[in-house]
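Below is one structure, written out as structure tokens; comments come after it.
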Amino acid sequence: MKKLSILISMFAFLFLSSRRKDETGNITSENNPALTAKITLIRDAFTAKLNSLGFQTPNTPKIIIKNTPAIISYGPEGLTIPNWETLGTEEKNTFNSWASQTDKGFTGEAFFKKSFNWFFVVHELGHYVQNLKGTENGPSQYQTELTANKIAIAYWKEQDLDGLNAYMDWVNAILNVIPQPNGTSQEYYNAHYIAETANINFNGYFQFYFVQQAYLDIETLKLSDFLQP
Numbered sequence: 003m004k005k006l007s008i009l010i011s012m013f014a015f016l017f018l019s020s021r022r023k024d025e026t027g028n029i030t031s032e033n034n035p036a037l038t039a040k041i042t043l044i045r046d047a048f049t050a051k052l053n054s055l056g057f058q059t060p061n062t063p064k065i066i067i068k069n070t071p072a073i074i075s076y077g078p079e080g081l082t083i084p085n086w087e088t089l090g091t092e093e094k095n096t097f098n099s100w101a102s103q104t105d106k107g108f109t110g111e112a113f114f115k116k117s118f119n120w121f122f123v124v125h126e127l128g129h130y131v132q133n134l135k136g137t138e139n140g141p142s143q144y145q146t147e148l149t150a151n152k153i154a155i156a157y158w159k160e161q162d163l164d165g166l167n168a169y170m171d172w173v174n175a176i177l178n179v180i181p182q183p184n185g186t187s188q189e190y191y192n193a194h195y196i197a198e199t200a201n202i203n204f205n206g207y208f209q210f211y212f213v214q215q216a217y218l219d220i221e222t223l224k225l226s227d228f229l230q231p
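The opening position of the sequence shown corresponds to residue 3 in the working numbering, with each subsequent residue numbered one higher.
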């Protein structure tokens with residue numbers, strides 16, 4: 003996986019050299035303005051919802067279309083979103099393998115895009131909310147990730163409940179085929195997530211496990227509850 007990370011980093015460097023800023027200030031790929039536009043709509047709708055609930059959103063994250071070992075992330079540079087079309091072969095093969103082992107009929111590409119160009123966009127914006135509240139770097143990374151997923155569930159259940167429910171069918175199916183780590187407890191994750199940074203099975207399983215666990219509380223989740231001081 004170390005070799006893979008180096009190759010991805012080299013690719014990311016070459017990819018960055020062809021980027022430009024569009025008129026909105028987003029950093030976008032020259033050849034995928036459609037993806038930038040899609041993510042922009044999600045970001046702007048989410049921040050508009052936060053504003054309507056009285057939560058101010060200064061320094062709205064820029065959108066960066068870029069493949070990285072983290073796949074998707076939020077940080078000081080902005081919201082980094084992956085592009086399936088330029089994703090590495092090994093990563094594509096992993097998602098295709100996971101999808102082919104389920105009985106739901108979806109492809110690895112469809113699952114990847116629904117995850118990282120839809121659901122997890124709001125998950126990462128959940129980290130943006132945590133950052134604004136000063137809670138992003140809490141004592142438990144497990145709770146930080148779980149809460150970001152609860153924010154995403156709370157938002158998507160209001161905006162697209164049917165889409166969310168359909169996506170959860172895929173998530174549950176994927177969790178049945180991804181190799182499971184040796185534990186799923188908060189203590190286990192907090193103790194191992196740094197060492198397993200480059201392990202796509204470890205990170206894949208836990209991220210979708212967090213989605214599954216957050217979804218269990220769907221009936222009681224309200225976005226406004228996560229915006230309190």
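Heads up, the beta-carbon is just placed ideally off N, CA and C, and yes, glycines get one too.
Per-residue burial, residue i [other beta carbons within 10 Å of its own, 16 or more giving buried]
i	result
I43	First, the amino acid is wrong: residue 43 is Leu here, not Ile. By the neighbour-count rule (16 or more Cβ atoms within 10 Å), L43 is not buried but exposed.
Q230	exposed
T91	exposed
P71	buried
T199	exposed
S117	buried
Top-ranked residue by Cα proximity to residue i, from the options
i	options	result
V179	I155, K152, F208, A156	F208
Y211	E198, F97, Q182, L229	Q182
E126	F48, P60, S99, A197	F48
V123	A36, G165, I65	I65
K135	H194, F57, A50	F57
G77	E93, A50, G128	G128
K40	K115, I73, S102, E93	K115
Integer Cβ distance of residue i from residue j, believed to fall under 8 Å
i	j	result
L1	L55	In this structure the chain extends from 3 to 231, so residue 1 is not present and cannot be described.
N158	F113	First, the residue type needs correcting, since residue 158 is Trp and not Asn in the sequence shown. Their Cβ separation, rounded to whole angstroms, is 16 Å, which puts W158 and F113 out of contact at 8 Å.
I202	T104	Not quite, the Cβ-Cβ distance comes to about 17 Å (not below 8 Å), so this is no contact.
N34	N85	6 Å
I155	I220	6 Å
Q143	N192	6 Å
Q215	L166	Going by Cβ atoms, the distance from Q215 to L166 rounds to 15 Å, so no, they are not a contact pair.
Backbone secondary structure at residue i - three-state DSSP
i	result
Y169	helix
I153	helix
L81	strand
I41	helix
S75	strand
I67	strand
I29	Any reading at I29 must be qualified, since the residue scores a pLDDT of 47, below 50, and its modelled position is unreliable; the value itself is stated next. The answer is strand: DSSP assigns I29 an E or B state.
Q161	helix
T109	coil
Residue i: first and last residue of the uninterrupted alpha helix (DSSP H) it sits in
i	result
L127	122-135
F208	202-217
N98	91-102
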